[in-house]
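Going by this note's numbering, the first residue of the sequence shown is number 3, and it counts up by one from there. A short worksheet on the structure shown next.
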Amino acid sequence: MLKINKILVPIDFSEVSHFIVKWAKDFAQKLEAEVLLTFVLEDLSSQEGVYANVETLKELQEILMNGAKQSMEEFVKKYFSDFPKIKTIIEKGDIAEKIIEIGRKEKADLIVIGTHGRKGLDKILFGSVAERVIQLSPIPVVSLNPYRMEKNL
């Protein structure tokens, strides 16, 4: 049977992330696995000249990155203060592609990702990072929709 030593858990600090982190931590504890808690900030450089000038985008990216670091620290304090096998990763880029890249680089055995349950126009406009990760990842992926899971509990 496959031994799961490292579980990559991408988060976006949303309400869904809180649920996913609790679930992934419990799962990791049962398996005695390390959690790779990961946040990927969308790279804004592709928007240069379209919505703002380069300096404004760089400043915004820096503000967002600092906010992500602070939010990550809060998540770790809240959910992992009693859990020694935690590594945090914050990077920027295409979110789905970067999650997969991090998974490969860190030799993750499993990715646990949350879905927001978007439908219709929201899904068309915003797409689904989870869906792209599931389609593109060579690493096994568990996707959780907390809204559906809570109904079934």
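A virtual CB, placed ideally from N, CA and C, is assigned to each residue, including glycine.
Next on the checklist: Measuring straight from C-alpha to C-alpha, what distance separates LYS87 and ALA35?
Outcome noted: Note on geometry: alpha-carbon atoms of LYS87 and ALA35 lie some 7 Å from one another.
Checklist entry - Where are the alpha helix (DSSP H) runs, 4 residues long or more, that stay fully inside the region 5-32, in chain order? => result List check, alpha helix (DSSP H) in window: nothing returned.
Next on the checklist: Let me confirm a value: PHE85 is counted as buried when at least 16 other C-beta atoms fall within 10 Å, else exposed. Which label applies?
Outcome noted: Looking at its Cβ environment, which holds fewer than 16 other Cβ atoms inside 10 Å, PHE85 is exposed.
Item to check | Extent of the continuous alpha helix (DSSP H) to which GLU108 belongs | outcome: Premise fails: GLU108 is in no alpha helix (DSSP H) and is neither H nor E.
Checklist entry - Taking buried to mean at least 16 other C-beta atoms within 10 Å of its own C-beta, is GLN137 buried or exposed? => result Flag for GLN137 reads exposed.
Item to check | Segment limits, alpha helix (DSSP H) that includes ILE92 | outcome: Element bounds for ILE92: not the alpha helix (DSSP H) but the beta strand (DSSP E), 88-95.
Checklist entry - So ILE9 packs on ALA110, CB below 8 Å; how close in whole Å? => result With 8 Å as the limit, ILE9 and ALA110 qualify as a contact, their Cβ atoms being about 7 Å apart.
Item to check | LEU155 to LEU43 span [Cα, whole Å] | outcome: Its pLDDT being 41, under 50, LEU155 is placed unreliably by the model, and the measurement read from it follows with that caveat. Spanning the two alpha carbons is a distance of roughly 33 Å.
Checklist entry - Does the Cβ-Cβ distance between ILE113 and SER139 come in under 8 Å? => result Going by C-beta atoms, ILE113 is nearer than 8 Å to SER139.
Item to check | Cβ separation of LEU38 and ILE91, assumed to be a contact under 8 Å, to the nearest whole Å | outcome: With a contact defined as Cβ atoms closer than 8 Å, LEU38 and ILE91 qualify at about 6 Å.
Next on the checklist: Within 10 Å of its beta-carbon, does LYS100 have 16 or more other beta-carbons around it, so buried, or fewer, so exposed?
Outcome noted: With 16 or more other Cβ atoms inside 10 Å of its own Cβ, LYS100 counts as buried.
Checklist entry - Hey, GLY116 and PRO148 are a contact pair by Cβ (cut 8 Å); roughly how many whole angstroms apart? => result For a cut-off of 8 Å, the C-beta gap from GLY116 to PRO148 is around 7 Å, short enough to register as a contact.
Checklist entry - To the nearest angstrom, how far is it from the Cα of ARG150 to the Cα of LYS107? => result Rounded to whole angstroms, ARG150 to LYS107 spans 32 Å at the Cα level.
Item to check | Sheet register partners of ILE115 (DSSP bridge) | outcome: Paired residues: SER145.
Item to check | Beta-carbon proximity list for GLY95, same chain, < 7 Å, skipping 5 on both sides | outcome: These residues qualify, in order along the chain: VAL42 and ASP45.
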